[in-house]
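Visitor: In terms of this note's numbering, the sequence shown is residues 12 to 545.
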Amino acid sequence: MRITGVLEVTLSKPLPEEAKSKVVEVIQYLNNVYLKRGARDPVEGAHISSFELKEDKIVFVLETGSRVRIDEASLRIRNVLAQELGKNFRIGIRGLRLIEPKIVLEGSISISLSLPFVKNIYSDGTKTVVELSELSESDLKKPIFLRLLRLVEEKERRYRWGGKGEHWVLYKKSAEKTVKFFDDPNKILEDIGWIKRVSIGQWIYTPPLTHILNALKRLFLDEVVKPLGFDEATFPKMYPLEVGLKTGHLKGVINSMVFASLPKTYNIAEFEPLIDYMYVMDTAPPEEVQKYLEPPSYFLCFAQCEPFYWFFENEILDDAVLPIKWYDMSGPSFRWEAGGLHGIERLIEFHRIEIVWLGKPEHVIDIRNKLMERYEYFLDKVLDLEWRFAWVTPWFYEQAGVVEEKLELDINTPGTIDIEVWVPYKGGRDDKKAWLEVGNISIHGTKFTEPFRIKHNRGEILWTGCSGFGSERWLVSLLAQKGFNPDNWPKKFLEYVKKEPFPRSVLTVTYPKTKDGKEFLKNIIKMFEGLGNA
Ligand code: SER
Ligand code: ZN
12 MRITGVLEVT LSKPLPEEAK SKVVEVIQYL NNVYLKRGAR DPVEGAHISS
62 FELKEDKIVF VLETGSRVRI DEASLRIRNV LAQELGKNFR IGIRGLRLIE
112 PKIVLEGSIS ISLSLPFVKN IYSDGTKTVV ELSELSESDL KKPIFLRLLR
162 LVEEKERRYR WGGKGEHWVL YKKSAEKTVK FFDDPNKILE DIGWIKRVSI
212 GQWIYTPPLT HILNALKRLF LDEVVKPLGF DEATFPKMYP LEVGLKTGHL
262 KGVINSMVFA SLPKTYNIAE FEPLIDYMYV MDTAPPEEVQ KYLEPPSYFL
312 CFAQCEPFYW FFENEILDDA VLPIKWYDMS GPSFRWEAGG LHGIERLIEF
362 HRIEIVWLGK PEHVIDIRNK LMERYEYFLD KVLDLEWRFA WVTPWFYEQA
412 GVVEEKLELD INTPGTIDIE VWVPYKGGRD DKKAWLEVGN ISIHGTKFTE
462 PFRIKHNRGE ILWTGCSGFG SERWLVSLLA QKGFNPDNWP KKFLEYVKKE
512 PFPRSVLTVT YPKTKDGKEF LKNIIKMFEG LGNA
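Structure representation (C-alpha cells):
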C-alpha cells in the first residue's frame, strides 16, 4: 500500500529568510529519522519527496507506506515544525491541509463510495487507486478516518491472502489405520430413519441417534475436558448485534449468520389483521409476518464462545482467578450455508461442545498444548481413528509483513489448529475432500480481550483460547471409519453406549421411507440386540 498527497502547512506569519535553512535541516531529520520511526522497512515509513516555501506556507509532497501512514506522517511533520519554528523564530502553525490524498493498493479491491472521505476509486486490475477528499488537521485525527485506513489495509491484506479463508499446513498425523467400512453414514442414518430432515440443514434426531451422540459427548467430556479442569457454564444462544461487532463476526462472516427479530409490540390485539389473514388463508407469508416485527437486533449463536468474552467485558482480573476454564454445551449453533449441506455432517443447526479459556499468554498456550495432547489421545487411543492436525491461519491473523513460512513454524502465535478425520466414503486418504474437519483449537491473542476490554489488575496482557467439538461431525467420522456394527466400535465408546438401555427405533407403516431402509433397520436392530431393544 502506497499513500501519496500534498501537505500544506500554514504558518502564523511568513517565513523569514534566515529560517529557510532551518526548514531544510528539519526536513533532513524527518526524512532520515522521524518519518521512518516505527517502520522496520524504511519503505513502509514516510518520505518527503519535495517541498516548496510560499510566504506563510510550506508545501510538502509526501509518499508513505503502511507503517507510518500519511495521517501520522502529516502530524509528525506538524509537530516538529511547531517545535523548531516556535523555539527559534516564534512562528506557530495555523493549520494543515492534505490535498489530493491517494491510496494505491495491490490488486483489484472495491470499497464503498458511500463512505466518508472516499471521493473516487478506480482499478486497472493489478492496482486500485482510492482518491480521498481533502483533509484538515482535525480530519486526520478522526477515528472514522483511521478506521477507513484500517479497512482499506485489511482489504489489501485479504486480497494478498489469495482469496482463501485460511492457509493450511499439516502439523501432525496418525498412523494409517485399517478401515473396513466405506459407506456414507449420513445416508444410512437417513435410510434407517434414525434422523429425519425437517428443513434445510435441520434434522430431528430420534432417540437411538440421540443416545449414541450423547454417549460420544460424555466420553469426550470424561476423557478430554474434565481431566483438564474445565467447568461447565450455560451460555445464551442469541446475541445482540454489538457483540458480533466486537467479536468481528458481523464484519467477517455476516453472509453465514442467522438473525432474530423481536415483535414490534406485545399487544396481541395489534396482530389481529395478521391473525385473521392466517385463519382464512391458512398461510403465513413471511412478507406479512415481517410487517409486525422489529428489524433484526440479534444473531443466533455462531461461534458459541461469544458469551465468554461478553461475560468478562470491562472486568479486571487478578492472578488469583486466572486462568479461567469453562465449557458450554447448552444448545445449538447456527451457520447458514448456501450449498454443500450434507446429512448431519454439514448443517445449518448443529451441536458443539465449546471449550473456552482466558489467561496470560503462557497460560493460554499451555492449556492449548494440553488440550491438543488429550485430543490426540482421544482420537488415537480411545476412538482409534485415523486423524490429522493442521495449522491453519485465518487471513485476519496475518500480520502485515509476516510471511507464511514464519507462521508455519511458530504455533505459539495466534491461530488455529484444525482437527480432521478421514471419512473413507468420500475418497482415499490422499484426497483432500475425504477429510472432515470435526473441530478446532484456537488461540486468539488479544483479538477478543482488546475489543471487550478484559483487563489484568497489573496491566499484564490477557489472551483467550477456544476449541469446538462438533458433536455430529465426530459421530459421522466415527461411524464412517467403524461402521454400524457395535462389535467393531471402540471398547470405551461401546461401554458408554451401554451405560443406559438402548432406545427403540421408529418402525411404522410408513417409516422408514424405503423398503431397503426398513430391511437395514431390522438388521441394525438385530446387531443392537445385546445393547437393549434398539
Ligand atoms: N468458536 C470456534 C469456532 O467457531 C470454535 O468452535 O470455530
Ligand atoms: Zn470459539
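Virtual Cβ for every residue (Gly too), placed ideally from N, Cα, C.
Any chance the CB of Gly-479 is under 6 Å from a heavy atom of the ligand SER?
Guide: Gly-479: yes, Cβ under 6 Å from the ligand SER.
Visitor: Rounding to the nearest angstrom, what Cα-Cα distance links Leu-418 and Val-403 in this structure?
Guide: Here Leu-418 scores only 43 on pLDDT, less than 50, and its place in the model should not be relied on; the value that follows carries that caveat. Looking at the two C-alpha atoms, the distance is approximately 9 Å.
Visitor: Find out if the Cβ-Cβ distance for the pair Pro-318, Pro-247 is shorter than 7 Å.
Guide: Contact flag set, yes.
Visitor: Quick one, are the C-beta atoms of Met-249 and Ala-280 less than 7 Å apart?
Guide: No, Cβ-Cβ distance for Met-249 and Ala-280 is not below 7 Å.
Visitor: Buried or exposed: where does Ile-114 fall if 16 or more other Cβ atoms within 10 Å of its Cβ makes it buried?
Guide: Buried: at least 16 other Cβ atoms inside 10 Å.
Visitor: To which residues of the same chain is Glu-305 closer than 6 Å at the C-beta, ignoring the five residues directly before and after it?
Guide: The answer, listed in chain order, is Ser-272, Leu-273, Lys-275.
Visitor: Looking at Val-449: is its Cβ nearer than 7 Å to the Cβ of Ser-488?
Guide: Yes, the pair counts as a contact, with Cβ atoms nearer than the cut-off.
Visitor: Taking DSSP as the reference, what is the three-state secondary structure of Gly-412?
Guide: Because Gly-412 sits at a pLDDT of 44, beneath the cut-off of 50, its placement in the model cannot be relied upon, and the following sentence gives the value as read from the coordinates. Here Gly-412 sits in coil by DSSP.
Visitor: Would you grab the beta carbon distance between Asp-202 and Gly-528 for me? Rounded to a whole angstrom, and I think it's under 8 Å.
Guide: Contact flag correct, Cβ pair sits at about 4 Å.
Visitor: Alpha carbon to alpha carbon, how far is Glu-326 from Phe-241?
Guide: Going from the Cα of Glu-326 to the Cα of Phe-241 covers about 20 Å.
Visitor: Could you work out which residue in Tyr-522, Ala-50, Ala-57, Asp-52 is closest to Gln-39 when comparing CA atoms only?
Guide: The candidate whose alpha carbon is nearest that of Gln-39 is Ala-57.
Visitor: According to DSSP, simplified to helix, strand and coil, what is Trp-433?
Guide: Note: Trp-433 maps to strand in three-state DSSP.
Visitor: With distances taken from CA atoms, which of Lys-503, Tyr-507, Phe-495, Lys-509 is nearest Ile-536?
Guide: Among Lys-503, Tyr-507, Phe-495, Lys-509, the Cα nearest to that of Ile-536 belongs to Phe-495.
Visitor: Measuring straight from C-alpha to C-alpha, what distance separates Ala-50 and Glu-243?
Guide: Roughly 45 Å between the two C-alpha positions.
Visitor: Mind reading off the beta-carbon distance from Val-393 to Pro-238? Whole number of angstroms is fine, and I expect it under 8 Å.
Guide: Going by Cβ atoms, the distance from Val-393 to Pro-238 rounds to 12 Å, so no, they are not a contact pair.
Visitor: Below 8 Å on the Cβ atoms is my contact criterion, and I expect Lys-509 with Leu-542 to pass it. Report the Cβ-Cβ distance as a whole number of Å.
Guide: That pair is a contact at about 6 Å.
Visitor: Below 7 Å CB to CB, which residues in the same chain sit around Asn-451 once its five sequence neighbours on both sides are set aside?
Guide: Thr-427, Ile-428, Asp-429, Ile-430, Ser-478, Gly-479, listed in sequence order.
Visitor: Given this structure, state the Cα-to-Cα distance separating Trp-368 from Lys-262, to the nearest angstrom.
Guide: So the alpha carbons of these two residues sit roughly 24 Å apart.
Visitor: Since Phe-389 is in the alpha helix (DSSP H), which residue starts that stretch and which ends it?
Guide: No alpha helix (DSSP H) holds Phe-389; DSSP gives it neither H nor E.
Visitor: Thr-139 and Ser-119 - do their beta-carbons sit closer together than 7 Å?
Guide: Yes. Within cutoff.
Visitor: Decide if Lys-191 is buried, meaning its Cβ has at least 16 other Cβ atoms within 10 Å, or exposed.
Guide: It is exposed - the Cβ of Lys-191 has fewer than 16 other Cβ atoms within 10 Å.
Visitor: Taking DSSP's pairing of strands, which residues face Ala-186 in a bridge?
Guide: According to DSSP, which records beta bridges pairwise, Ala-186 is partnered with nothing at all.
Visitor: Can you find a heavy atom of the ligand SER that lies under 6 Å from the Cβ of Cys-312?
Guide: No, since every heavy atom of the ligand SER falls outside the 6 Å radius drawn around the Cβ of Cys-312.
Visitor: Less than 7 Å between C-beta atoms, sequence neighbours within five positions excluded: which residues of the same chain meet that for His-353?
Guide: Around His-353: Asn-197.
Visitor: Leaving aside the five residues before and after Glu-177 along the sequence, list all residues of the same chain whose C-beta is less than 8 Å from its C-beta, in chain order.
Guide: Correct list, in chain order: Val-403, Thr-404, Pro-405, Trp-406, Thr-427.
Visitor: Whole angstroms is fine: what's the gap from Leu-282's alpha carbon to Val-300's?
Guide: Note that residue 282 is Phe in the sequence shown here, rather than Leu. Straight-line Cα distance between these residues: approximately 9 Å.
Visitor: Which residue comes first and which comes last in the alpha helix (DSSP H) that contains Asp-82?
Guide: That run of the alpha helix (DSSP H) goes 81-100.
Visitor: Excluding the 5 residues flanking Val-79 on each side, which residues of the same chain have their C-beta closer than 8 Å to its C-beta?
Guide: Contacts found: Leu-46, Lys-47, Arg-48, Gly-49, Ala-50, Glu-55, Gly-56, Ala-57, Arg-87.
Visitor: I'd like to know if the segment 98-114 and the segment 140-154 are in contact, where contact means that at least 3 CB-CB pairs between them fall below 8 Å.
Guide: With a cut-off of 8 Å, the segment 140-154 and the segment 98-114 count as touching, because enough Cβ pairs lie within range.
Visitor: Helix, strand or coil for Gly-456 per DSSP?
Guide: Note: Gly-456 maps to strand in three-state DSSP.
Visitor: What do you reckon, are the CB atoms on Ile-155 and Thr-75 nearer than 7 Å?
Guide: Cβ distance not < 7 Å, so Ile-155 and Thr-75 don't count as in contact.
Visitor: Secondary structure at Met-538, three-state DSSP: helix, strand or coil?
Guide: If DSSP states are grouped into helix, strand and coil, Met-538 belongs with the helices.
Visitor: Would you mind sorting Phe-193 into buried or exposed? The rule is 16 or more other CB atoms within 10 Å of its CB.
Guide: Exposed is the call here.
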